[in-house]
Every structure is written in structure tokens, then in C-alpha cells.
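Under UniProt numbering, the first residue of the sequence shown carries the number 1, and numbering increases by one thereafter.
For every residue, glycine included, the Cβ atom is placed at its ideal position computed from N, Cα and C.
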Amino acid sequence: MYSTDKSKKFLLIAPSYACLDTTGGGQRTLLIYQSLLVLGKVDVVIVGKGYLPFLKKFFPDANSINLIEHLERGQFGKWRWVRPLSPKLVDQIATVFGERSIEYQADPQVLSLVTDLINKNNYDFIVGRYLRPTARSGVFNQNTIPILLDIDDLDDSVFRSRLNQPNLNPLLRPLITRQLRQIEEIMPPLIEKCKHIWVTNENDARRINHPSVSLLPNIPYQFSISNLVVPSFKQSNSPVILFVGTYGHRVNREAMLRFVKHCWPKIHGVVAQAKLRIVGSGGWEKIESVIGQIPGVEVVGFVENLAEEYEQCTFTIVPIFEGGGTKIKVVESLFYGRTAIITSHAHNGYETLQNGEYLLVAENETEFINHCIQLLKEPELCIKMAEKGQAKVVKEYSTNGFQSIIKETLNTVNNGVPSELIKTQ
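Shown next, in the form of C-alpha cells:
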């Protein structure tokens with residue numbers, strides 16, 4: 001096992017949308033970064049738009065932090081001739097109707113930066129967050145430095161889950177299917193170039209045709225993984241239901257709009273004193289005029305102290321029926337001592353958190369409504385599941401286990417031995 005002598009040199013590549021500690025994807029990136037930092041020096045390349053001085057605060061003690069924008073989809077091929085008329089619109093149209101393979105090719109702007117870093121540094125490992133930004137960096141063009149790829153959102157799973165969402169617009173189905181078919185052809189040859197793949201659940205691991213794959217589950221985020229503090233809250237007596245998620249993530253936004261429209265009126269009609277608080281970054285205030293006037297709904301938006309929100313709620317909800325990866329808010333809720341009602345889709349990757357023992361799982365919106373009403377009327381069940389859930393998460397979804405998996409991966413890659421599925425300690 002590697003010691004903590006900081007002898008290794010890493011190049012970490014991550015998209016700008018997955019670098020903030022207010023999003024699940026960003027929290028995972030930062031946990032990986034902090035784990036690598038224990039083992040050596042880390043150069044960070046952030047791909048996408050952003051403000052570097054702001055982003056730097058999330059990567060303390062990095063050897064270097066670099067921000068580079070990639071070319072937009074409309075800047076390639078025939079689209080570039082009409083893009084000046086409406087850049088954002090043309091980019092969106094090109095993404096939907098154009099060839100997706102261009103988004104997985106080395107981007108000239110990103111490639112130039114990454115090539116310079118590789119030439120100046122003797123990296124032991126390249127760690128990529130998500131397939132597309134890693135491919136854009138051009139690192140797949142070299143075969144001397146082993147590439148470790150973390151995919152908590154399989155590219156094809158995102159499109160496949162969209163096809164299964166409730167009441168999908170029939171006009172969108174052929175477009176999504178076409179994009180899915182393209183992604184299914186793009187992924188295998190790129191994944192083959194990696195030395196190791198991290199995924200968040202066994203279903204994804206089984207779907208990836210690669211000799212070295214291991215589980216790196218999403219865990220509750222703590223900015224300093226060396227000083228983990230387990231919350232100790234008394235169970236709230238107020239009938240407050242909490243949703244936590246960034247507005248910028250389409251899946252969160254659409255899920256809550258649908259929940260408030262189709263589920264909340266029936267819940268509030270039975271338990272009139274119930275309140276729904278929607279918390280998270282990214283601009284929830286943009287739809288406050290749409291849903292904030294509905295009885296019992298409070299659009300809170302960003303908060304400085306998320307722990308206080310968990311403390312005052314009875315339970316949380318994850319009414320998401322699509323999207324890839326695992327929903328980190330599931331274990332975060334249990335970590336804070338609050339049980340959750342989630343969809344069977346959100347339960348993917350958390351099968352050890354059994355339905356009815358640690359949380360409640362709904363197969364459809366009717367079950368989701370009934371579960372909410374049940375927990376609002378049975379606070380003792382909330383307490384029972386929350387206590388068991390917190391103990392389970394603290395034990396099995398720990399930062400020590402997270403770090404151990406990363407260390408074990410480095411060992412297996414160095415030794416040339418394919419890594420079998422590994423679970424947190």
C-alpha cells in the first residue's frame with residue numbers, strides 16, 4: 001500500500017461543472033482530489049467555463065491549477081458558419097442534431113495545455129473525471145502514463161434513463177435514441193485506453209467491458225476528510241420535507257417541478273401542516289414565482305449552513321427518475337440523521353440500504369405520495385430508519401474506505417493486476 005510520503009505526481013482533469021462543493025459531482029471531484037493529495041503532488045486541469053480565482057479555493061495545496069475553455073459544439077463543421085447569428089442556440093442545435101463523436105475528440109485548446117503539462121512533468125498517473133472532458137484533453141493520444149477514469153455518470157446511462165422517465169414527450173424519443181446509439185459506439189474504444197475505471201454501482205461495473213473496474217461509491221462530503229464530524233441531531237417534530245440539489249442540474253430542476261405539480265398537492269391535501277423546502281445552489285429563485293406561491297412550498301435556494309436545513313426537517317426526498325450515477329444526497333441525508341424517500345432509480349447503487357429498513361423506495365409517483373404521507377403521520381418510523389441509516393452510512397460509506405479504494409487501485413495498476421470489484425471498508 002502507498003505511504004503518505006507524497007512521492008507520486010498526478011494530473012487531475014475535471015469539468016468546471018463538477019468542481020464546486022455545492023454539487024454532488026463537485027463533491028466527488030474534491031474527495032478524489034483530497035485523496036490524491038495525501039499520496040503526492042496534484043496538478044489540476046479544469047475544463048470549461050469558470051473564474052479561476054474562485055475555483056482555486058476548492059483545491060487547496062494543489063501543485064498547479066489550470067482553467068481552460070473547450071470549443072463549443074457549434075464551432076465545428078458546417079455549424080461554425082451560422083454560429084455568429086446566435087451562438088448559444090446554434091450550439092444547442094448542433095449538440096442535438098450533430099455528430100456526438102466531435103465532443104469526444106481532443107480539443108485543440110485543451111490539448112495544448114495538457115500536452116505542455118505532460119512534457120514538463122513526470123506524471124505517475126492521469127486521473128480523469130468523466131469520459132468526455134478526459135477525451136477532450138487529448139490524454140488518450142498517449143500510452144505512457146496510465147489513465148484512471150472515474151465515471152459516476154456513465155454517458156450512455158444518462159440517455160437511457162431519459163427514455164424511461166415518466167411521460168416523455170414522444171417527439172423527443174427518436175432524438176434521444178439517436179444520441180444514445182452514437183454514445184454507445186463512442187464509449188468502448190475510449191474506455192479501452194484506460195488502465196482502470198471507477199464506477200459508483202455494480203450495475204455500471206457489469207456493463208463496462210474492461211478488465212480493471214472497481215466500485216468507488218459516493219459518500220457524504222466533508223471538506224476536510226481528515227476531520228470527519230458525524231452530526232448528532234434530535235429528530236425534528238416539525239412536518240418539514242427537504243429537497244437538496246443544485247438548480248443548474250436539469251434532472252433536479254425538472255424533477256422538482258414535476259413533484260410540486262403532480263405529487264405535492266395530494267400530500268398537502270392530506271397533511272395540511274406539511275411544508276416542502278427546496279434548498280440548493282444554482283438559481284432556484286428563477287422558478288420561485290412558479291412554485292413558491294403554492295401552499296406549503298418554500299423555495300429557499302442557496303444556504304450557508306446545510307446542516308441546519310437537515311436538522312429542522314423530518315425527512316428528505318429524492319424524486320428523480322432519470323440521470324446517471326448514484327444520487328449522493330441519499331447517503332448525505334442519512335449521514336445527517338434523516339431518512340429519505342427516494343425513487344427506485346435513485347436507489348441504484350445503494351442496494352445495501354434496504355427499502356423499509358433505512359429509507360423508503362418508490363417505484364412510481366403514487367407510491368412516492370403514499371410514502372410521504374406515511375412518514376408525516378408516523379414520525380416514530382422516521383426516527384427508527386434515520387438512526388439505523390446513519391449508523392450504516394458512517395460505517396460503510398466512510399472517507400477511509402474511499403481513500404483505501406483509490407490506494408488499492410494505484411497498487412493494482414502498478415502491479416499490472418486487474419482490480420476486482422472493491423467495496424468501501
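Give a yes or no on whether 8 Å exceeds the smallest Cβ distance from residue i to chain B.
i: S137; result: No chain B is part of this structure, which consists of one protein chain only.
What do you get for residue i, buried or exposed, if any count of 16 or more other CB atoms within 10 angstroms of its CB means buried?
i: F321; result: buried
i: Y17; result: buried
i: P217; result: buried
i: V260; result: buried
i: Y104; result: buried
i: S112; result: exposed
i: D153; result: buried
i: V297; result: buried
i: G25; result: buried
i: M172; result: In the sequence under discussion, the amino acid at residue 172 is Leu, which differs from the Met named in the question. By the 10 Å Cβ count, L172 comes out exposed.
i: S344; result: exposed
i: V230; result: exposed
i: L11; result: buried
i: A307; result: exposed
i: S3; result: Confidence is the limiting factor: at S3 the pLDDT is only 47, short of 50, which leaves the residue's position unreliable and the question unanswerable from this model.
i: A135; result: buried
i: D204; result: buried
What would DSSP say about residue i, mapped onto helix, strand or coil?
i: C19; result: coil
i: R338; result: coil
i: N66; result: strand
i: A255; result: helix
i: V244; result: strand
i: N169; result: coil
i: S214; result: strand
i: E298; result: strand
i: T424; result: Residue confidence is low: T424 scores 38 on pLDDT, short of 50, so the model does not pin down where it sits. No coordinate-derived value is stated.
i: G128; result: strand
i: F368; result: helix
i: T399; result: helix
i: D91; result: helix
i: A205; result: helix
i: G292; result: coil
i: N305; result: coil
i: I13; result: strand
i: V230; result: coil
i: S3; result: Low confidence applies to S3: its pLDDT is 47, below 50, so where it sits in the model is not reliable, and the reading given next is rough at best. It is coil, neither helix nor strand.
i: N237; result: coil
i: H196; result: strand
i: T314; result: coil
i: N411; result: helix
i: residue 440; result: Residue coverage of the chain in this structure runs from 1 to 425, which leaves residue 440 outside it and unanswerable.
i: residue 456; result: Past the edges of the chain, shown from 1 to 425, lies residue 456, and the structure says nothing about it.
i: T343; result: strand
i: G40; result: strand
i: A274; result: coil
i: D153; result: coil
Write down the C-beta distance between residue i and residue j rounded to the nearest angstrom, noting that I regard them as a contact closer than 8 Å.
i: I197; j: L149; result: 5 Å
i: F402; j: L31; result: 6 Å
i: R73; j: T95; result: 5 Å
i: N121; j: K9; result: 6 Å
i: Y71; j: D107; result: Residue identity check: residue 71 is Leu in the sequence provided, not Tyr. Right, their Cβ atoms sit about 6 Å apart.
i: S35; j: I406; result: 5 Å
Between which residues of its own chain and residue i is the CB-CB distance below 8 Å, once the five residues before and five after are set aside?
i: L180; result: D156, F159, R160, L163
i: M256; result: F243, G245, I278, I291, P319
i: C263; result: P319, E365, F368, I369, C372
i: I183; result: R100, D155, D156, F159
i: K195; result: P146, I147, L148, S212, V413
i: I186; result: R100, S101, Y104, D155
Quick one: residues in its chain with C-beta nearer than 7 Å to the C-beta of residue i, no 5 flanking neighbours on either side, listed in chain order?
i: residue 432; result: Outside the displayed range of the chain (1 to 425) lies residue 432, so it cannot be described from this structure.
i: T29; result: A14, A18, C19, R129
i: F59; result: Y33, V44, I65
i: V114; result: V45, S137, G138, V139
i: H268; result: A274, P295, G296
i: K56; result: I65
i: L190; result: Y104, L131, A135, F140
Apart from the five residues just before and just after residue i, which ones in its own chain have a Cβ nearer than 6 Å to its Cβ?
i: K6; result: G40
i: T339; result: F315, L359, C382, M385, A386, G389
i: F302; result: S281
i: Y310; result: Y336, R338
i: S333; result: T316, A340
i: P220; result: V331, E332, F335
With a threshold of 7 Å (Cβ to nearest heavy atom), would residue i be considered close to the ligand GTP?
i: Q182; result: Among the components of this structure there are no ligands whatsoever, and the ligand GTP is therefore not found.
Review point. Using 8 Å as the Cβ pair cut-off and three pairs as the minimum, do the stretch 84-93 and the stretch 370-379 touch?
Key: no
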